[in-house]
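Data block below; observations after.
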Amino acid sequence: MNYHLLIPEMCLAGTAIAVILLDLVIARKGILQMASIAALIAAIVVSAALWGKADPDIFNGLLRADQFAIFFKVLFSGAAILVLLTTKDYVSKIARFQGEYYALILLSVVGMMLMAASRDLITIYVSLELTSISLYALVGFLKDPKSSEAGLKYLLLGAVASAILLYGMALIFGITGETRLAEIAAAVPAGRIWDNPLLLLGVMFMIGGFGFKIATVPFQMWVPDVYEGAPTTVTAYLSVASKAAGFAVILRVFLEAFGGDILPDWAMIFAVLGAISMTVGNVIAISQTNVKRMLGYSSIAQAGYLMVGLAAATRVDGANDPVLFGPTGLVFFLGCYALANLGAFIAIIAITNKTKSDAIDDFAGMGSRAPVISLALTLCLISLTGVPPTAGFLAKLYLFNAAVHHDLVWMVIVGVINSAISAYYYLRVVKMTWFGTPASAEGVPSSLALRLALAVACAGVLALFFYPSPLLDVARDAAQSVAGAVLP
Amino acid sequence: MAEIPEYAVWLIFLLPVFSFAFISFVIRPFFNKKAELAGYLTIACIATSLLFALWTLYSVLQTHEHQLDFHAHEWLVVGSHQISLGIMVDSLTAIMLLVVSFCSLMIQIYSQGYMHGDPGYCRYYAAMSLFTASMLGLVMAGNLIQLYVFWELVGLCSYLLIGFWFHRPSAAAAAKKAFLVTRLGDFGLLAGLLYLYFKTGTVDIGELHTMAIAGGIAASTLTLAAIGIFAGAVGKSAQFPLHVWLPDAMEGPTPVSALIHSSTMVTAGVFLVARTFPIFVGSETALTVVACIGGFTAIFAASMALVATDIKRVLAYCTVSQLGYMMLGLGAAGLVLAEEGHATLELAKVATAVGIFHLFTHAFSKALLFLGSGSVNHATGTFDMRLMGGLRKHMPWTYLTFLVGSICIAGVWPLACFWSKDEILVKAFELSDARVILFYLGLITAFMTAFYMFRAVFMTFHGEYRGGASAAGHGHGSHGHGDVHLHESPPVMIAPMLLLFCLAIGAGLVNVTGWFDRFFGGHHVVGWDHLVRIFTASENNNVALISSIVALAAIGLAYAIYKAKRISAESMGRTFRPLYTVFYRKYWMDELYERIFVVRVLLNGLFRVFQAFDTYIVDGLVNGVAGGTVMAGRLIRNAETGRLQTYALVMFAGILIIIGLVYWLT
Chain A
3 MNYHLLIPEM CLAGTAIAVI LLDLVIARKG ILQMASIAAL IAAIVVSAAL
53 WGKADPDIFN GLLRADQFAI FFKVLFSGAA ILVLLTTKDY VSKIARFQGE
103 YYALILLSVV GMMLMAASRD LITIYVSLEL TSISLYALVG FLKDPKSSEA
153 GLKYLLLGAV ASAILLYGMA LIFGITGETR LAEIAAAVPA GRIWDNPLLL
203 LGVMFMIGGF GFKIATVPFQ MWVPDVYEGA PTTVTAYLSV ASKAAGFAVI
253 LRVFLEAFGG DILPDWAMIF AVLGAISMTV GNVIAISQTN VKRMLGYSSI
303 AQAGYLMVGL AAATRVDGAN DPVLFGPTGL VFFLGCYALA NLGAFIAIIA
353 ITNKTKSDAI DDFAGMGSRA PVISLALTLC LISLTGVPPT AGFLAKLYLF
403 NAAVHHDLVW MVIVGVINSA ISAYYYLRVV KMTWFGTPAS AEGVPSSLAL
453 RLALAVACAG VLALFFYPSP LLDVARDAAQ SVAGAVLP
Chain B
67 MAEIPEYAVW LIFLLPVFSF AFISFVIRPF FNKKAELAGY LTIACIATSL
117 LFALWTLYSV LQTHEHQLDF HAHEWLVVGS HQISLGIMVD SLTAIMLLVV
167 SFCSLMIQIY SQGYMHGDPG YCRYYAAMSL FTASMLGLVM AGNLIQLYVF
217 WELVGLCSYL LIGFWFHRPS AAAAAKKAFL VTRLGDFGLL AGLLYLYFKT
267 GTVDIGELHT MAIAGGIAAS TLTLAAIGIF AGAVGKSAQF PLHVWLPDAM
317 EGPTPVSALI HSSTMVTAGV FLVARTFPIF VGSETALTVV ACIGGFTAIF
367 AASMALVATD IKRVLAYCTV SQLGYMMLGL GAAGLVLAEE GHATLELAKV
417 ATAVGIFHLF THAFSKALLF LGSGSVNHAT GTFDMRLMGG LRKHMPWTYL
467 TFLVGSICIA GVWPLACFWS KDEILVKAFE LSDARVILFY LGLITAFMTA
517 FYMFRAVFMT FHGEYRGGAS AAGHGHGSHG HGDVHLHESP PVMIAPMLLL
567 FCLAIGAGLV NVTGWFDRFF GGHHVVGWDH LVRIFTASEN NNVALISSIV
617 ALAAIGLAYA IYKAKRISAE SMGRTFRPLY TVFYRKYWMD ELYERIFVVR
667 VLLNGLFRVF QAFDTYIVDG LVNGVAGGTV MAGRLIRNAE TGRLQTYALV
717 MFAGILIIIG LVYWLT
């Protein structure tokens, strides 16, 4: 058995339990935070060391530590580290339950890691629940009315989504008699998706269940309420890690299990949903006055861009076959999006901690009060808009190029128009920050850890523009390892 | 010493980038009180760059082909398009790196004195660092996209630095003018580059060289691309008809004029033509255009320098004129090569040596002259030569360096520019048919150059002091040196001038034995006796002798008019009244552009149409879309009721609608 392939998960789960127990006896909670971060760093290092090893199967192929899974493990851990680094500035609000907070974050990372590695419907469902339940608790962590409402809403709607997903899985099991993805692929009936109503129902229900995680229309309704109510650190974590986990599991399930005749059909469903998500997310974001809600809608729109990568996963015949463009672009985009979105949230955490307000109007004049943080916020928002010299530009370029290669020019047009619309509300914050009249001349204090996290995010956003090839190569390998079996 | 590794070459460019970033993001926001740090940091970074540039030059010399092979780094692969980042280091790059880093270093040191106490000290050094970085990046760019990015960056820096004293309306206007006029040329450049890319599928400069020489690109493509590229060069190097921005650009601080508007950035156009020379070699039309524009600009600008009274403007016209010379040199050498009919990549590179050699010698002497004019301004508070005079006694060092710089630019043996100018004239003389007229234009220009340079020397340094800024009643061109008293500039300003002074004397000697040509790939070897035999050598067709006589005659005439006063300047002015007016009013080119072109054609014509289109169609569309979007946003926002039942309902309904649509559509 290849137990060593599970070291990252085991290490994090063990630390989570240890943190809860130690919380009872240790007075200096900073140690717990350090321990959590150390465990996450260890998980990254071990995962990276397992990159590209032969025989990645664990438990007879129930889980798989291939490059795809490893990429996401590193992404989740990295996002969790950045979030934990900023927690110190937020800690006054959660002072009493710090141990639980760190443990829940670690457990959700374990759940996401297993989601990315699972190749069986049962393990997928179980790991998804592990993730979700940790996140429900985190969203309601503040215990004030808003946070509690958000937590409850997230829990109830998540349960509904979970039920939908389970129903879809049951239908697929009913048709194929299998729960392993590879065997489902062999047993899926030939022909297009509409030739078999049960298959359509099953696939569609699964899209619904996963769509809740990635927050695509029409499963996005929870986003603004939950994003607004949750502690901002958790919002940042939700918008990046949870969304990435959703995309990981979608890529895994749909490419490995449904990569046959029905591939173009679900790709088209994702294309349409993606185009609608972009438009709905961006259009509503314009009229938002609360920065967390605005970024909530922005994350719906970003999910729409990401779905271009799913739509462009279709098989393309031809000599110079660019077959993996879609998945590669998606994985690359996730990396860039994670950095930019986390960076933006970290900057917002620093600023809102001072102003005690999430209103966009209260960002006025921050450029003179906190020039470095404002500069970082500007950079991250520019990256989310997709303008050079930032990673977001290349990510969009790559995804849209994939779409062109897959005859999805209409999606590119929708995407470009949407990028223009999104510039309005992203740059409105920038404009407010630099040209607004400051309410006071006071500076904005921030911890060293927060500044470090912000610097990492911004450096990544810039570096990936000037030197994207390392991440592009990684993304290519990751996509190849999951889709290669289906799309040679 | 080992061959320079690639990262060290990158450092040449990255060090000034670092000093720019450090000044902008650390020193300016946090240590603004200690502004002098910015100057020291810039100087340290550029000095290190200079060392690396010297190492590069050494390494290039050691290689057989005088070229370092660095592979391009893949930057981004999008579909079948690959975009790479790379550096190209050949003899041209090595020389340019040296010129840029050396001149920049000298001028940064000089600025320590000149900009001392200026409230924008940090901003000045930040912009100068960025400029130096962009210029260095430009000369080592390995592909045309990179080159274009840096090309625009140097333009931006030029804009920022011309308008450095932006509170002066004339400076702000000059910055705007420079930016807009060069943009016109840049448009041609971009079009040329894109056209070339679509026709060849590559932007790598090395590959384009090989393709162009091997005949892999159609002649018509070459012509169009070359003309487009040359348009960019015309804008940047202030060639006719886009020369109008450079004299106005003198509104910037004088060290800026010395660095950007005489020795480096304006030569970027000449560099660009040299860099893409194999493309030009394939098209006789393009080469003829280059030579003719160059030759005409040379004499055209020189004529306006004859009557200018502002010392910096004299130098500015002189720069335009000398840049014309460089273009003439490139064009003529290319034409001679094309006529011989066996162009190879190697020969094409050798041909560029003629123009680049003049760039090389001119950079030092012109930087020197500008620094001299700055030094004069430092003492008198004005740039108007009519208010100077007699400064020789008060500023001996400035006088000495300025005088030698003038002798050099005038083309007197054996100073630097004599050698380079002679080569250009020899090439022009070899041109066949009517094009040989360019040689005579060049010769007349040489006469004018010597005349106006010595006119400037005599008006500024000889005779009686005429009062400086206080006589004019206002401190035109000065920047806060309120009380004017004649004094020599501080050593920190004189020292860099002396270094440049040495190069203005000696830089020409590198090609006496043909070393410079050989560095560019030539094989011709001559002995050191050529130093004197140049006046008798048969292949020279006595060009050196003739041009020397012409230059000396012009100096004599200037002496007679402005020093000995044998001939009255006023009576000369009256005799040649119409000509004087034409020159003084700059051929009414500014009026032509501003009153006729900008006002009549653009403002009242084209822009009216655009505005109507914009107001009614574009704005209508945008407002409609924006209004619609905001409306839609408000409407959909209403759906966010915050009620869970609604949310769950939407999820289910969504799934059902999609399933329904899939069935209905199939």
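Same order as they appear, the protein sequences are chains A and B.
Count along the first sequence starting at 1, add 2, and that's the number in the numbering used here.
Count along the second sequence starting at 1, add 66, and that's the number in the numbering used here.
All residues carry an ideal CB built from backbone N, CA and C; glycine is no exception.
- Taking only the alpha-carbon atoms, compute the straight-line gap between ALA50 of chain A and VAL76 of chain A and give it to the nearest angstrom. 7 angstroms
- Is MET662 of chain B helix, strand or coil when you go by DSSP? The question names Met, yet the displayed sequence has Ile at residue 662 of chain B. Helix at ILE662 of chain B.
- Item | Neighbouring residues, chain B, relative to MET296 of chain A (Cβ below 9 angstroms) | In chain order: nothing, as chain B lies at least about 11 angstroms away.
- Fully enclosed by the segment 262-311 of chain B, which beta strand (DSSP E) runs are 3 residues long or longer? none
- Task: Verify the CB distance criterion: does VAL285 of chain A have a CB-CB separation below 7 angstroms to chain B?
- Result: yes
- Query: Along chain B, in chain order, which residues have C-beta atoms closer than 8 angstroms to that of PRO10 of chain A?
  - Reply: Within chain B, no residue comes near PRO10 of chain A; the closest Cβ sits about 31 angstroms away, beyond 8 angstroms.
- Query: Mapping DSSP to helix, strand and coil, what is ASP488 of chain B?
  - Reply: helix
- SER303 of chain B to PHE335 of chain A span [Cα, whole Å]: 42 angstroms
- Under 8 angstroms by beta carbon: chain B residues contacting ILE195 of chain A: VAL728
- Message: Given this structure, state the Cα-to-Cα distance separating THR129 of chain B from LEU158 of chain B, to the nearest angstrom.
- Response: 14 angstroms
- Would you list the one or two residues that DSSP bridges to LEU134 of chain B? B:VAL155
- Message: Can you check whether the C-beta of GLY210 of chain A is within less than 7 angstroms of a C-beta belonging to chain B?
- Response: yes
- Item | Residues near GLY211 of chain A in its chain [Cβ-Cβ closer than 7 angstroms; skip 5 each side] | ALA163, SER164, ILE166, LEU167 and GLY170
- May I have the straight-line CA-CA distance separating MET115 of chain A from ILE72 of chain A, to the nearest angstrom? 8 angstroms
- Taking just the CA atoms, how far does HIS408 of chain A sit from GLY328 of chain A? 9 angstroms
- Message: Give me the subset of the segment 154-177 of chain A whose CB atoms are less than 9 angstroms from a CB atom of chain B, sorted by chain position.
- Response: LEU154, LYS155, LEU158, LEU159, VAL162, ALA163 and ILE166
- Message: Does any residue of chain A have a CB that is nearer than 7 angstroms to the CB of GLU140 of chain B?
- Response: yes
- Item | Inter-residue CB distance, ALA192 of chain A and LEU344 of chain A (contact presumed, cutoff 8 angstroms) | Contact flag wrong, Cβ pair sits at about 44 angstroms.
- Residues near TYR426 of chain A in its chain [Cβ-Cβ closer than 7 angstroms; skip 5 each side]: ILE288
- Item | Nearest to LYS459 of chain B (by Cα), restricted to the options B:SER472, B:PHE449, B:ASP450 and B:ALA445 | B:ALA445
- Item | Any C-beta of chain A under 7 angstroms from that of THR732 of chain B | yes
- At what residues does the alpha helix (DSSP H) containing PHE366 of chain B begin and finish? 350-371
- Message: I'd like to check one pair, TYR713 of chain B with MET223 of chain A: are the Cβ atoms closer than 7 angstroms?
- Response: yes
- Are PHE70 of chain A and ALA480 of chain A touching if we call contact CB-CB under 7 angstroms? yes
- Taking one C-beta from the segment 296-310 of chain B and one from the segment 335-344 of chain B each time, how about it: are there three or more such pairs within less than 8 angstroms? yes
- Please check if any C-beta of chain A sits within less than 7 angstroms of the C-beta of GLY208 of chain B. no
- Query: Given VAL416 of chain A, which residues of its chain have a CB within under 6 angstroms of its CB, disregarding the five upstream and five downstream residues?
  - Reply: ALA277
- Confirm, please, whether the CB-CB distance from CYS169 of chain B to ALA429 of chain B is below 7 angstroms. yes
- Item | Buried/exposed call for GLY179 of chain A, threshold 16 Cβ in 10 Å | exposed
- Query: Under a three-way DSSP split, which group does TRP412 of chain A fall into?
  - Reply: helix
- So what does DSSP say about TRP121 of chain B, is it helix, strand or coil? helix
- Cβ-based burial, PRO10 of chain A [other Cβ within 10 Å; buried from 16]: buried
- With a cut-off of 8 angstroms, do at least 3 Cβ pairs link the segment 40-56 of chain A to the segment 452-471 of chain A? no
- Message: Using a 10 Å radius around the Cβ and a threshold of 16 neighbouring Cβ atoms, would you call ILE662 of chain B buried or exposed?
- Response: exposed
- Query: alpha helix (DSSP H) containing THR227 of chain A: first to last residue?
  - Reply: What sits at residue 227 of chain A in the sequence shown is Asp, not Thr. From DSSP, the alpha helix (DSSP H) with ASP227 of chain A extends over 224-231.
- Quick one: Cα of LEU645 of chain B to Cα of SER614 of chain B, how far? 26 angstroms
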